[in-house]
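So the number in my numbering is just where the residue sits in the sequence shown, counting from 1, plus 1. The structure under discussion appears below in the form of structure tokens.
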Amino acid sequence: MKHIPVMLEESLAIFKDRKLKTFFDGTLGAGGFSKALLEAHPEIETYYGCDQDERALGIAQENLKDFEGKVEFIHANFSAVKEALEEREVTEVDGFFLTWECHQCS
Numbered sequence: 002m003k004h005i006p007v008m009l010e011e012s013l014a015i016f017k018d019r020k021l022k023t024f025f026d027g028t029l030g031a032g033g034f035s036k037a038l039l040e041a042h043p044e045i046e047t048y049y050g051c052d053q054d055e056r057a058l059g060i061a062q063e064n065l066k067d068f069e070g071k072v073e074f075i076h077a078n079f080s081a082v083k084e085a086l087e088e089r090e091v092t093e094v095d096g097f098f099l100t101w102e103c104h105q106c107s
């Protein structure tokens, strides 16, 4: 399943001139943003993709199979970011991304 996130170009622009080695995405979803960012930043060594939706994680794993070995999938709510990174002995990240969708706004 191909996933094209809303405001993709604007989201990528945030990280345009940055060197990213370790990245945390707290709302991985289907992996559309992740794929685009990994393509734009081949220097990324470890991409932590977090989502509480197991189905979304499965879709993301399929969509990001070209980046096997770079992406670590975390089944958790983004509010557990501190614990998730501590478990993996990650003390800092070069980039962090979190989206929010307002279901009452649409």
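All C-beta atoms, glycine included, are put in the ideal place defined by N, C-alpha and C. Computed from a predicted model, the values in this text were never measured in an experiment.
I'd like to know whether the C-beta atoms of Gly50 and Val72 end up nearer to each other than 8 Å.
Yes, Cβ-Cβ distance for Gly50 and Val72 is below 8 Å.
Going by DSSP, which residues form a beta bridge with Glu73?
Per DSSP, Tyr49.
Round the Cβ separation of Ser24 and Gly70 to the nearest angstrom and send it over; I've been treating them as touching at under 8 Å.
It is Phe, not Ser, that sits at residue 24 in the sequence shown. The C-beta distance from Phe24 to Gly70 rounds to 14 Å, too long to fall under 8 Å, and the pair is not in contact.
Which of helix, strand or coil does DSSP assign to Phe24?
Three-state DSSP puts Phe24 in a strand.
Terminal residues of the alpha helix (DSSP H) in which Gly59 lies:
Element bounds for Gly59: Glu55 to Asn64.
Are Leu58 and His42 closer than 8 Å when you measure CB to CB?
The Cβ-Cβ distance between Leu58 and His42 does not fall below 8 Å.
When the Cα atoms are used, what is the spatial distance from Thr92 to Leu39?
Roughly 21 Å separates the two Cα atoms.
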